[in-house]
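Going by the working numbering, the first residue of the sequence shown is number 311, and it counts up by one from there.
Using N, Cα and C, we set each Cβ at its ideal position, and we do this for glycine too.
Everything on this sheet refers to the single structure shown next.
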Amino acid sequence: AEGTDAKVVHASSFSKTVSPGVRVGYLIGPEDEIGALARAANETYISPNMLAEAVVHELCRSGGLDANIDAVNVALATRRDAVVEQLGAQIPAAGFVVPGGGYFLWVDLAEGTDTRQALTAAKEEGVAFVAGPDFMLEGGERSLRLSFASVPPADVPEGIARLARALGG
Numbered sequence: 311a312e313g314t315d316a317k318v319v320h321a322s323s324f325s326k327t328v329s330p331g332v333r334v335g336y337l338i339g340p341e342d343e344i345g346a347l348a349r350a351a352n353e354t355y356i357s358p359n360m361l362a363e364a365v366v367h368e369l370c371r372s373g374g375l376d377a378n379i380d381a382v383n384v385a386l387a388t389r390r391d392a393v394v395e396q397l398g399a400q401i402p403a404a405g406f407v408v409p410g411g412g413y414f415l416w417v418d419l420a421e422g423t424d425t426r427q428a429l430t431a432a433k434e435e436g437v438a439f440v441a442g443p444d445f446m447l448e449g450g451e452r453s454l455r456l457s458f459a460s461v462p463p464a465d466v467p468e469g470i471a472r473l474a475r476a477l478g479g
C-alpha cells in the first residue's frame, strides 16, 4: 500500500479471458516478493502446463488476447440477452438486473417460491441452477443463479421452458 511498508501482490489468471481450461496466471508486485513466490512455486508443483503457457504468451505477444476478449464478450452478451428475453416471456414474475458482463444472471422469484425444493424438479427437467441460499448466510429461498455462458442462444427457449415447469409454472 502506498505510503506504508506493506507489500501488495496482485494475482490474476487468464482462465476467464482465454478459456476456462487455461490454468495460467500471473502476479504483479514488488520484484523481491515475486521472485520469492516464483522460487516457491518451482519447488511446489511438478510441472506447469507449458503448452497453455505458450498459448497465452503468444496471445499476449500477438495482440490476439484483446480480439479474443472482444469475441467472448459478444458471445456472452448474445447468450445473456437470449436468457433475459425468454425469462421475460416465460417467467414474467422473475425479477433480475441485466448484468453488464459475466457468466451468470441472478433471478428473484415470487414470494413463497423455494428454489431448493425446485432443484429436484429442475434435475428431472434436465436444467440446472444454483439455489439462492447457497450464496447467503440467511435468506435467498426465492432466488437462484443461472449460468448462461455455455448455453447456445437457440437452446435458451427450451431451457427456460423447462425451468418454468420445474418452478411450477
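When secondary structure is reduced to three states using DSSP, residue 338 falls in the strand class. Annotated as distal: residue 432 and residue 386, with beta-carbon spacing of 9 Å or more. Per DSSP, reduced to three states, the secondary structure at residue 332 is coil, with no helix or strand assignment.
In the three-state scheme derived from DSSP, where H, G and I count as helix and E and B as strand, residue 376 is classed as helix. Rounded to whole angstroms, the separation of the alpha carbons of residue 314 and residue 344 is 19 Å. Counting along the chain, no alpha helix (DSSP H) covers residue 417; the unbroken beta strand (DSSP E) around it starts and ends at 414 to 418. In the three-state reduction of the DSSP assignment, residue 456 falls in the strand class. Bounds of the beta strand (DSSP E) holding residue 321 are 320 to 323.
Within 10 angstroms of the beta-carbon of residue 331 lie fewer than 16 other beta-carbons, which makes it exposed. Secondary structure note for residue 476: its alpha helix (DSSP H) is the uninterrupted segment 466 to 476.
The C-beta distance from residue 414 to residue 455 rounds to 5 Å, short enough to meet the 8 Å contact threshold. Residue 347 has its alpha-carbon roughly 51 Å from the corresponding atom of residue 475. A Cβ-Cβ separation of about 6 Å places residue 470 in contact with residue 397 under the 8 Å criterion.
For the 9 Å CB-CB criterion, residue 327 and residue 365 do not form a contact.
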